[in-house]
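If you're matching positions, the sequence shown starts at 1 in the numbering used here and goes up one per residue. Glycine included, every Cβ here is placed at the ideal spot set by N, Cα and C.
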Amino acid sequence: MFDGWLRCKGCSDDFVPPEERDDYTGDGYCAHCHDQGMGRDAEETAARVAAARNFVDTWAELAQFLPNDYDCTMQCAEADALAELFRAFGKGAIADEILSAHAEHDGPDDPHYDNYP
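This is the structure in structure tokens:
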């Protein structure tokens, strides 16, 4: 490693020194790690995690019944995104219920049609 190269605090890879990069953020992370959320202000990250956890805790009961009780049909991508959020916070059973309820409205060519009873 020659003088001027930096070692990323996230992945430990060496990356081009700041004076030769247009995308250097000044936070000690390579562009890839920075794009993955590393190096963000700790308060901002904590606030986002807290908001997501609050959403999951608040909507845990209601979200699994949205498709049927409220005739709220979701696109596959919407159902997947909502389920992924619940899974990330350890609520896999609720994620499965969301996808199962969503699948009831899927047609034979849709991804969830055969995967959820």
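Which residue's Cα is closest to the Cα of residue i: the options?
i, options, result
"Ala60", "Ser100, Thr73, Gly10 and Phe86", "Phe86"
"Gly28", "Arg7, Glu44 and Gln36", "Arg7"
So what does DSSP say about residue i, is it helix, strand or coil?
i, result
"Asp109", "coil"
"Asp155", "Shown here, the chain extends from 1 to 117; a query on residue 155 therefore has no answer."
"Phe86", "helix"
How big is the Cα-Cα spacing for residue i and residue j?
i, j, result
"His102", "Ile94", "12 Å"
"Val56", "Ala46", "15 Å"
"Asp96", "Trp5", "46 Å"
"Asn115", "Glu84", "16 Å"
"Phe15", "Glu44", "26 Å"
Spatial neighbours of residue i within its chain, please: C-beta separation below 6 Å, excluding the five flanking residues on both sides.
i, result
"Met74", "His102"
"Lys9", "Gly28 and Tyr29"
Within the same chain, show all residues whose beta-carbon is closer than 8 Å to that of residue i, passing over the 5 residues directly before and after it, in chain order.
i, result
"Asp106", "Cys76, His112 and Tyr113"
"Arg53", "Phe89"
"Cys33", "Cys8, Lys9, Gly10, Cys11 and Gly39"
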